[in-house]
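S.K.:
Pasting the structure below:
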């Protein structure tokens, strides 16, 4: 029962925090602006001789309702990864910045119930982030359909659910990393900074290294980006031309297992550190 009470309290805190609302709105805005508005302007306003070999008709097809799941998913697992990481760091690191962690940790419920409820609240918030991304995509594809007077049906339920599931798993991975860093470092700012550095710099550089043999194979299979990309391509095989195939072929089942492992390790580390650490130090 303590976990349920802690979960409700953490959900209320996340709902009331302006930063969380901004992150949710940002996710919807990123999908709408980057995934639809800018792409539509590029496809319709750029002269044919400056499209760099791209077909404007194919670009517009990506904005149709039938392509909604993969278009939204590409934004959620791309720029949206930073938003999810910031969410996790904010949820677990804010009290360290405000110097209120001692008060929270020494009152009921227990530390284990508190951190469990907080983790569940963050995972629920990840679902809200993905829903916000789809909301932005619905607005974008509706506007494009009106402007282009496009006919055609919408996406299948299976495609939407598959894209939503992959997006939720990807955001959960980055949120778990963010909350783990915030707990270990006892700092929201450091968690965000180091998390973004790894997300957009270190993993990209490591992925480009010409590693060979068993070591190179293991490194390639362990990278978060390669596993997420493998799942995205499994949902929409045609997206391989846009996203670029991973450096190594990864089965969807293996990709899911690796990503779940990342979530599990990050959460276990965060829970262990939070429970055992002397908060006053």
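In our numbering, the protein residues as written are 10 to 290. For glycine and all other residues, C-beta sits at the position ideal for the given N, C-alpha and C.
Assuming residue 187 and residue 98 form a contact by the criterion Cβ under 8 Å, report the distance between their Cβ atoms to the nearest whole angstrom.
M.R.: Confirmed, Cβ separation roughly 4 Å.
S.K.: Tell me which residues share the same chain as residue 18 and place their Cβ nearer than 8 Å to its Cβ, disregarding the 5 neighbours each side in the sequence.
M.R.: So the list reads 126, once near-sequence residues are dropped.
S.K.: Note the first and the last residue of the continuous alpha helix (DSSP H) segment covering residue 76.
M.R.: Taken as a continuous stretch (DSSP letters only), residue 76 belongs to no alpha helix (DSSP H), as it is neither H nor E.
S.K.: Give a yes or no on contact between the region 171-179 and the region 63-82, applying the rule of three or more CB pairs nearer than 8 Å.
M.R.: Yes, the region 171-179 is in contact with the region 63-82.
S.K.: If you check the beta carbons only, do residue 72 and residue 150 fall under 8 Å apart?
M.R.: Yes.
S.K.: Between the alpha carbons of residue 227 and residue 154, how many angstroms are there, rounded?
M.R.: Answer to the nearest angstrom: the Cα atoms are 44 Å apart.
S.K.: Apply the 10 Å Cβ neighbour rule to residue 242 and answer buried if 16 or more other Cβ atoms are within range, or exposed otherwise.
M.R.: It counts as buried.
S.K.: When the Cα of residue 132 is compared with those of 181, 283 and 152, which residue comes out closest?
M.R.: Ranking 181, 283 and 152 by Cα distance to residue 132 puts 181 first.
S.K.: Reducing DSSP to helix, strand and coil, say where residue 14 ends up.
M.R.: Of the three classes helix, strand and coil, the one that applies to residue 14 here is helix, per DSSP.
S.K.: Considering only residues of the same chain and omitting the five flanking positions on each side of residue 41, which have a CB-CB separation below 8 Å?
M.R.: So the qualifying residues of the chain are 145, 146, 148 and 149.
S.K.: Pick helix, strand or coil for residue 220, following the three-state DSSP scheme.
M.R.: Three-state DSSP puts residue 220 in coil, outside helix and strand.
S.K.: Quick one: residues in its chain with C-beta nearer than 7 Å to the C-beta of residue 283, no 5 flanking neighbours on either side, listed in chain order?
M.R.: Excluding sequence neighbours, residue 283 sits near 120, 124 and 192.
S.K.: Using a Cβ distance threshold of 8 Å, determine whether the region 207-216 contacts the region 102-118, with at least three qualifying pairs required.
M.R.: As far as the Cβ criterion goes, the region 207-216 does not touch the region 102-118, which means the pair count is below three.
S.K.: Under 8 Å between C-beta atoms, does residue 140 make it to chain E?
M.R.: Protein chains in the displayed structure number just one, and chain E is not present.
S.K.: Following the continuous alpha helix (DSSP H) through residue 260, name the residue where it begins and the one where it ends.
M.R.: Looking at the DSSP string, residue 260 is not in any alpha helix (DSSP H), and its letter there is neither H nor E.
S.K.: Please classify residue 102 as buried or exposed, where buried requires at least 16 other C-beta atoms within 10 Å of its C-beta.
M.R.: Buried, by the Cβ-count rule.
S.K.: What are the start and end residues of the alpha helix (DSSP H) that includes residue 54?
M.R.: Start and end: 47-54.
S.K.: So what's residue 196 in DSSP terms, helix, strand or just coil?
M.R.: If DSSP states are grouped into helix, strand and coil, residue 196 belongs with coil.
S.K.: When DSSP labels each residue in this structure, what does residue 232 get in the three-state scheme?
M.R.: Note: residue 232 maps to coil in three-state DSSP.
S.K.: Applying the criterion that 16 or more other CB atoms from any shown protein chain within 10 Å of the CB defines a buried residue, is residue 13 buried or exposed?
M.R.: Label assigned to residue 13: exposed.
S.K.: From what residue to what residue does the alpha helix (DSSP H) around residue 27 run?
M.R.: Here the alpha helix (DSSP H) through residue 27 covers 27-41.
S.K.: Specify, as a first and last residue, the run of the alpha helix (DSSP H) that residue 65 falls within.
M.R.: First-last of the alpha helix (DSSP H) with residue 65: 65-70.
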